[in-house]
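Visitor: Add 41 to a position in the sequence shown, counting from 1, and you land on the number used in the working numbering.
Glycine included, each C-beta is placed from N, C-alpha and C at the ideal position.
On a predicted model such as this, the values are computed, not experimentally measured, just so you know.
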Amino acid sequence: MNIKKYETDAEAFLSEVEKEYYLHFSGQKDSLSLSGIFDRYKYLFDRNNILYFKDLAGKNSGEGRKKFSYLLKFCTECYLEREVKDLVDGMAAEEAEARVNIEGKIVPFRYSEVLLANEEDKTKRDIIEEKRNKIIDKHFNKNLYTYWDTLHGQAKDLGFSSYSDLFSYLKEEDFFELDAGMDRLLSETQLLYEKHFGGLLERELGIKLERSKRSDFAFIKRAKKYDRFFAKDSLTAIFKDTLLGMGIDIQKQGNINLDVEERENKSPRAFCSTVRVPQEIYLVVMPIGGQDDYEAMLHEGGHALHFGNTKADLDFEYRYLGDNAVTEGYAFCLEQLMQNRQWLIDFLRITDAEAKEFVYFSNIVKLWFVRRYAGKLKYELMLHGGEPISSKGKVYKDILSSVNLMEYSEESYLKDVDEGFYCTNYIRAWIFQSQLKEYMHRKFGYEWYRKKKTGDFLRELWSYGQKYSSSEVLSQLDFKKLDPGYLVDSLTEEIKNYKNS
Numbered sequence: 042m043n044i045k046k047y048e049t050d051a052e053a054f055l056s057e058v059e060k061e062y063y064l065h066f067s068g069q070k071d072s073l074s075l076s077g078i079f080d081r082y083k084y085l086f087d088r089n090n091i092l093y094f095k096d097l098a099g100k101n102s103g104e105g106r107k108k109f110s111y112l113l114k115f116c117t118e119c120y121l122e123r124e125v126k127d128l129v130d131g132m133a134a135e136e137a138e139a140r141v142n143i144e145g146k147i148v149p150f151r152y153s154e155v156l157l158a159n160e161e162d163k164t165k166r167d168i169i170e171e172k173r174n175k176i177i178d179k180h181f182n183k184n185l186y187t188y189w190d191t192l193h194g195q196a197k198d199l200g201f202s203s204y205s206d207l208f209s210y211l212k213e214e215d216f217f218e219l220d221a222g223m224d225r226l227l228s229e230t231q232l233l234y235e236k237h238f239g240g241l242l243e244r245e246l247g248i249k250l251e252r253s254k255r256s257d258f259a260f261i262k263r264a265k266k267y268d269r270f271f272a273k274d275s276l277t278a279i280f281k282d283t284l285l286g287m288g289i290d291i292q293k294q295g296n297i298n299l300d301v302e303e304r305e306n307k308s309p310r311a312f313c314s315t316v317r318v319p320q321e322i323y324l325v326v327m328p329i330g331g332q333d334d335y336e337a338m339l340h341e342g343g344h345a346l347h348f349g350n351t352k353a354d355l356d357f358e359y360r361y362l363g364d365n366a367v368t369e370g371y372a373f374c375l376e377q378l379m380q381n382r383q384w385l386i387d388f389l390r391i392t393d394a395e396a397k398e399f400v401y402f403s404n405i406v407k408l409w410f411v412r413r414y415a416g417k418l419k420y421e422l423m424l425h426g427g428e429p430i431s432s433k434g435k436v437y438k439d440i441l442s443s444v445n446l447m448e449y450s451e452e453s454y455l456k457d458v459d460e461g462f463y464c465t466n467y468i469r470a471w472i473f474q475s476q477l478k479e480y481m482h483r484k485f486g487y488e489w490y491r492k493k494k495t496g497d498f499l500r501e502l503w504s505y506g507q508k509y510s511s512s513e514v515l516s517q518l519d520f521k522k523l524d525p526g527y528l529v530d531s532l533t534e535e536i537k538n539y540k541n542s
């Protein structure tokens, strides 16, 4: 094989895929057309290439092994995706075309999530959720079942006992060890979560935790009471000004494109599209109002800055592939400003008392998310463990309801699942970010966002793309390993301090 040509073509393939995702999910293109792209580059994902890279990864050491391991993961993932490419196109079109009748008004399914988050009346919120669930069950789940069943079959066809076993091998992670660590986190935060999240629900919605639903969280997180601090028309300016404080001028960089336009069929889930690394990056946010917009901008801005500052002369594998917990960690690194009292005071002109209250709220919300992902990992280990995927709806509902102590519906048991155990990237990224936060506070202080030295430090980290894993980056900062204890402390410290202040 001509590996140089393979790398060049693989980069071109990913560039086309990313542009297609960007245009569709930003609401600028109705259909998602991946099939043609996969067909043009189908030689990249030949099964023999999987065996070839597996052999090279086994024979090499050091950087050679790392690069071939990255290529093996890329090739295998795309081999799996190639088998379902037509299904993915169809499901994306179906979701884009789906409509929901809300009080006599026909709205896109995707936009109904925005309306759900903004609905103050619990009865109406429950109705919107019920209608969304009916669409998922009636229109989406049949194809989702075929999708996941096909991927499970492909994993076994490649010689692995399960989809879980395949991705544990490709990601070089022990999922069960990570699951055990998250069980400890769930146990250590249980009483704190019940008291403070339960208290938040009662104060804001008048609902007992045991009577709540996941849709209630959507409204809680929307946090309308704080809208006066998080104006839509200030979103971009505050983001740019924050970066300027660290000596980072994305306008001068010219390679990061901000897409914050409101489009009816734009995905409500913010994302970053890496069309060409580092030359063409899109940061996409669908503004719905309030603190969600700012959190999304900071998070996806972290991704955009990471890839937009990656060295252009790095090998393809290190610019596009690697451990995605790294880029998620850098995204959480900027997002953590939403839990920084002084940043809120400096940039949003919040009073000290209001900043403390918001940070308390924001940490409770983050605790909810971390516990949710602990549940997602546990559920996905069961879903992808090698047994038939039928009748897993109740398992999904029971596990997720137990970690968040809110009622989840069975209908989302296949939709609320990301490919390739991406949930582990988020979990390891939260741990990574909590340790990076500790390092940055120690080195640059609590107001690290004011200092050019911080910008220099982050740009240095970003410049290596994903050449190094999250564990390797931490080892360069004198941490022995990814340590969930830092995450527990980071999550609980501000919650406890607020009530004791």
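Can you say whether N350 is buried or exposed, counting buried as having 16 or more other CB atoms within 10 angstroms of its CB?
Guide: Buried is the call here.
Visitor: Could you tell me how far apart the beta carbons of F579 and G461 are, in whole angstroms, since I believe they sit closer than 8 angstroms?
Guide: Residue 579 cannot be examined here, being either before or after the span of the chain that is shown, 42 to 542.
Visitor: What three-state label does DSSP hand F388 in the structure shown?
Guide: It is helical.
Visitor: Under DSSP, the beta strand (DSSP E) around F312 begins and ends at which residues?
Guide: F312 to R317
Visitor: Are the beta-carbon atoms belonging to H340 and F373 less than 8 angstroms from one another?
Guide: yes
Visitor: Does the region 443–453 come close enough to the region 487–499 that 3 or more CB-CB pairs lie under 8 angstroms?
Guide: No, the region 487–499 is not in contact with the region 443–453.
Visitor: Do F402 and L241 count as a contact pair if the criterion is CB distance below 8 angstroms?
Guide: yes
Visitor: Taking only the alpha-carbon atoms, compute the straight-line gap between E229 and E534 and give it to the nearest angstrom.
Guide: 13 angstroms
Visitor: Going by Cα to Cα distance, which pick from L128, V129 and L157 is closest to N142?
Guide: L157
Visitor: Measure the alpha-carbon distance for H344 versus K508 and round it to whole angstroms.
Guide: Going by the C-alpha atoms only, they are around 15 angstroms apart.
Visitor: Taking the continuous beta strand (DSSP E) assigned at E376, which residues delimit it?
Guide: Taken as a continuous stretch (DSSP letters only), E376 belongs to no beta strand (DSSP E), being part of the alpha helix (DSSP H) at N365 to E376.
Visitor: What does the Cβ neighbour count give for S542, buried or exposed, with the cut at 16 atoms within 10 Å?
Guide: A caution first: S542 carries a pLDDT of 49, below 50, which makes its placement in the model too unreliable to give a value.
Visitor: Between the Cα of K307 and the Cα atoms of I279, E369, F79 and L73, which residue gives the shortest distance?
Guide: It is L73.
Visitor: DSSP three-state label for E341, please.
Guide: Secondary structure of E341 (DSSP, three-state): helix.
Visitor: Apart from the five residues on each side of it in sequence, which residues of its chain come closer than 7 angstroms, Cβ to Cβ, to S56?
Guide: Taken in chain order, the residues that qualify are V316 and R317.
Visitor: Cβ of C464 within 8 angstroms of Cβ of Y527?
Guide: no
Visitor: In the DSSP assignment, the alpha helix (DSSP H) including K273 goes from what residue to what residue?
Guide: Careful: K273 lies outside any alpha helix (DSSP H) and carries neither H nor E.
Visitor: In the structure shown, what three-state DSSP assignment does D519 receive?
Guide: coil
Visitor: Report the CB separation of W489 from H347 in whole angstroms; it is logged as a contact under 8 angstroms.
Guide: Incorrect: roughly 17 angstroms between the Cβ atoms, too far for contact.
Visitor: Based on Cα-Cα distance, which residue from K419, K163 and A137 lies nearest to E549?
Guide: The requested residue 549 is not part of the displayed model; the chain covers only 42 to 542.
Visitor: Cβ atoms of L515 and Q476: under 8 angstroms apart, would you say?
Guide: yes
Visitor: Helix, strand or coil for D300? Go by DSSP, reduced to three states.
Guide: strand
Visitor: Taking I91 as the reference, give the member of L523, Q231, R412 and L211 with the closest Cα.
Guide: L211
Visitor: Below 8 angstroms on the Cβ atoms is my guess for L276 versus M338; work out the distance and round it to an integer in Å.
Guide: 6 angstroms
Visitor: Is the CB-CB distance between H568 and I405 below 8 angstroms?
Guide: There is no way to answer for residue 568, as the model of the chain reaches only from 42 to 542.
Visitor: Counting beta carbon pairs with one atom in the region 357–370 and one in the region 120–128, are three or more of them shorter than 8 angstroms?
Guide: no
Visitor: Helix, strand or coil: which one does DSSP assign to V125?
Guide: coil
Visitor: How is I329 classed by DSSP in three states: helix, strand or coil?
Guide: coil
Visitor: With DSSP as the reference, label E57 as helix, strand or coil.
Guide: When secondary structure is reduced to three states using DSSP, E57 falls in the helix class.
Visitor: Note down the Cα distance separating D206 from G426, rounded to an integer number of angstroms.
Guide: 8 angstroms
Visitor: On the DSSP bridge assignment, give the partners of P525 in chain order.
Guide: In DSSP, P525 forms no bridge with anything.
Visitor: Which residues does DSSP list as the beta-bridge partners of L112?
Guide: Beta-bridge partners of L112 (DSSP): none assigned.
Visitor: Around the C-beta of F217, are 16 or more other C-beta atoms found within 10 angstroms, so that it is buried, or is it exposed?
Guide: exposed
Visitor: Is the distance from the Cβ of K478 to the Cβ of Q377 below 8 angstroms?
Guide: Contact flag set, yes.
Visitor: Can the beta-carbon of N89 be found less than 8 angstroms from the beta-carbon of G131?
Guide: no
Visitor: Among R500, M223 and G295, which residue has its Cα nearest to the Cα of M287?
Guide: The residue with the shortest Cα to Cα distance from M287 is R500.
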